[in-house]
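J.:
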Amino acid sequence: MANTDDAPKRTNRDDKDGDLAIVGRSVLINRPRSELFAYWRDFTNLPSFMEAVEKIQMTGEKRSVWTIRAPAGQTVELETEVTDVVDGESIAWRSVEGSQIKTEGRVTFTDAPADRGTVVSADIGYEPPAGDLGRVVAKLFAAEPNIQARHELKRFKMLMETGEIATGAYHRS
Amino acid sequence: MRALTWHGTQDVRVDTVPDPEIINPRDVILKVTSTAICGSDLHLYDGVIPGMKSGDILGHEFMGEVVEVGPKSTLMKGQRVVVPFTISCGQCFFCKNTQFSACDNSNPVAKQDASEKLYGHAMGGIFGYSHMTGGYAGGQAEYVRVPFSDVGPIVIPDGMEDEEVLFLSDILPTGWMAAENAEIEPGDTVAVWGAGPVGLFAVQSAKLMGAEQIIAIDHHPHRLELAKKFGAKTINFSETHVREALMEMTGGIGPDAVIDAVGMEAHGFAVDNVLDVVKQKLSPGADRGHALRQALLACRKGGRVSVPGVYGGMLDKWPLGAMMEKGLTIRTGQTHMQRYTKDLLHKIQEGEIDTTFLISHRLPLEEAPTGYENFHDKQNEWTKVVLKAH
Ligand SMILES: [Zn+2]
Ligand SMILES: [Zn+2]
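From first to last, the protein sequence lines are chains G and R.
Start counting the first sequence at 1; every next residue gets the next number (the working numbering).
Start counting the second sequence at 1001; every next residue gets the next number (the working numbering).
Have a look at this one:
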């Protein structure tokens, strides 16, 4: 295709990348790029805003095991490895060979124009498995993966900008 | 605690519900001393705002005493505060830009989806105003949880009565911003549709900003009398052709600025209004826009249109041709509360703005359902209802 379109791939009408379905989103966060990069680079921080992720344990310099909440109090584990890091700019990861869930992702940090902070973009590709595990992945990516992606990023934005994640809750449950 | 809860169209009740708790670090818990019923609560009462659930606690105009403080709140126990109806984080692009009601971080993430789809962008949070604006419990209750308490609430100096300052929570800043959006210049003629609380504060504000002639339009004689008290001329639309009258009162030019302080429940006898009413009954997304259409047609060429009235959905038969051909400017929006509260508190202290004239009824919280019913059915006499929660 001729290069007449500067739009990110995640906005293509054909939302596929090879055998992976791709979803993604950008959010403007009113914080410095270095601060946001550093927070995300420490994967053990991610569960503070990723609702479906219970914890992330580093198992090597590049490898980590993600414990994901599944229906009925169950959990499922997903091992990932960091595939590419450009300091202050982007972090990419993918599920390791033989994982039950095939997924890959990249988060990119760009200075926003006019000192408005940082544009954080996530692109996540995944191959939804069938059967029981399919339900777990449905939980991980919500019913609609795009919704889940934008929810996680908006929670990240809230936490980074305000130090808390807004809730209409009235009682601690 | 006791709280006024929504159960369906024209069905509100005072129920016993659990007390609120501190959830986030910047929260406080407020013991509500005074809270008001707002014209936009009537939109909820009439069931024309989507996203309400049975048991939701209503109320977005309230004040009280801080009784519990989160670790990152800047308020202190015992302080008396008025709380703006919009919830603002103070840190996002919009808050930094003083567009507080457009806050990106106050509407909980999952609740943003509805407005993102309907409006193209997610709304900010509002107390007691449906799950589209966050599903926050409102202040028509004995106690209320106030998030981002370091940004919104304004501390009230000792010696000022609740009733002098309560309306800083919504209708006074809303009336002020309505006049500001009308870009009033000394000598202007300003027409205000709706002599309800916001319209009356818009009249006062327009006068303070130097308007020469202010014309209030309503069909409730008592509300028109109140407008007269603040120096406005009046048009009773049940007796008079509004546009013709406005032309005659301005030498054929029309008002320099028009303010629609009515919103989606405009009354009126024109054909477009009848159709709007039918459509609104069929689908809650449709708005009634008679007042706004009339305002656009009456406004002078090159004039300004300000819309503080609440609209939620879609409106057709929009006089786009009139807007373009006449070169009108339109400014709208939920009030950017924190921009105005401090200055307006000062104006109240200096006696420049009268706030208490509006209050026609004071009721204990227990009688809130009566308050709703009468405020809805007897707008001429029930101009503003204040509920005493303690
Ligand atoms: Zn209000
Ligand atoms: Zn904000």
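Backbone N, C-alpha and C define an ideal beta-carbon position, used for all residues, glycine too.
According to DSSP, which residues form a beta bridge with R/Pro1364?
T.: R/Lys1388
J.: Taking 6 Å as the limit between beta carbons, can you name the residues of its chain near R/Gly1055, skipping five residues before and five after?
T.: Counting only Cβ-Cβ distances below 6 Å, and skipping sequence neighbours, we find Thr1005.
J.: Return yes when the C-beta of R/Asn1105 is under 6 Å from any heavy atom of ligand 2, and no when it is not.
T.: yes
J.: What's the C-alpha gap between R/Leu1042 and R/Val1083?
T.: Roughly 20 Å separates the two Cα atoms.
J.: Counting only beta-carbon atoms, is G/Tyr39 nearer than 7 Å to chain R?
T.: no
J.: Answer with buried or exposed for R/Pro1186, where buried requires no fewer than 16 other C-beta atoms within 10 angstroms of its C-beta.
T.: Exposed, by the Cβ-count rule.
J.: Report the CB separation of R/Gly1059 from R/Gly1139 in whole angstroms; it is logged as a contact under 8 Å.
T.: 4 Å
J.: Which value, in whole angstroms, describes the spacing of the CA atoms of R/His1007 and R/Glu1350?
T.: 42 Å
J.: What is the residue span of the beta strand (DSSP E) that G/Glu79 lies within?
T.: Looking at the DSSP string, the run of the beta strand (DSSP E) that includes G/Glu79 is 75 to 86.
J.: What residues in the region 74 to 95 of chain G have a beta carbon less than 8 Å from any beta carbon of chain R?
T.: none
J.: Report the rounded CA-to-CA distance for R/Asn1097 versus G/Ile29, giving the unit in angstroms.
T.: 14 Å
J.: Counting only Cβ pairs nearer than 8 Å, list the residues of chain G close to R/Phe1093.
T.: Leu28, Asn30, Arg116, Gly117
J.: Who are the near neighbours of R/Gly1268 in its chain, counting only those whose CB is closer than 6 Å to its CB and skipping five residues on each side?
T.: With a pLDDT of only 44 at R/Gly1268, under 50, the local geometry of the prediction cannot be trusted, and the value read off the model is given with reservation. Here the set comprises His1290.
J.: Are the CB atoms of R/Ile1057 and R/Ala1141 nearer to each other than 7 Å?
T.: yes
J.: With G/Trp66 as the anchor, note down where its beta strand (DSSP E) starts and where it stops.
T.: 63 to 69
J.: Hey, how far is the Cα of G/Met158 from the Cα of R/Arg1243?
T.: 48 Å
J.: Return the chain-ordered ranges of every alpha helix (DSSP H) run that is complete within the region 1189 to 1221 of chain R and spans a minimum of 4 residues.
T.: Runs of the alpha helix (DSSP H) inside the region 1189 to 1221 of chain R: 1197 to 1208.
J.: Tell me which residues share the same chain as G/Ala122 and place their Cβ nearer than 7 Å to its Cβ, disregarding the 5 neighbours each side in the sequence.
T.: Same-chain partners within the cutoff: Gly24, Arg25, Gly105, Val107, Ala149, Leu153.
J.: Indicate whether R/Met1063 and R/Leu1166 have their beta-carbon atoms separated by less than 7 Å.
T.: yes
J.: What whole-angstrom Cβ distance do G/Arg33 and G/Phe156 have, given they're in contact under 8 Å?
T.: In fact, because the Cβ distance is near 14 Å, the residues do not count as touching under 8 Å.
J.: By the criterion of Cβ-Cβ separation under 8 Å, what are the contact partners of G/Met50 in chain R?
T.: Ordered by position in chain R, no residue passes the 8 Å Cβ test against G/Met50, which lies about 12 Å from the chain.
J.: Taking 7 Å as the CB-CB limit, is G/Gly168 close to chain R?
T.: yes
J.: Less than 7 Å separating the beta-carbons of R/Ala1261 and R/Ala1202?
T.: yes
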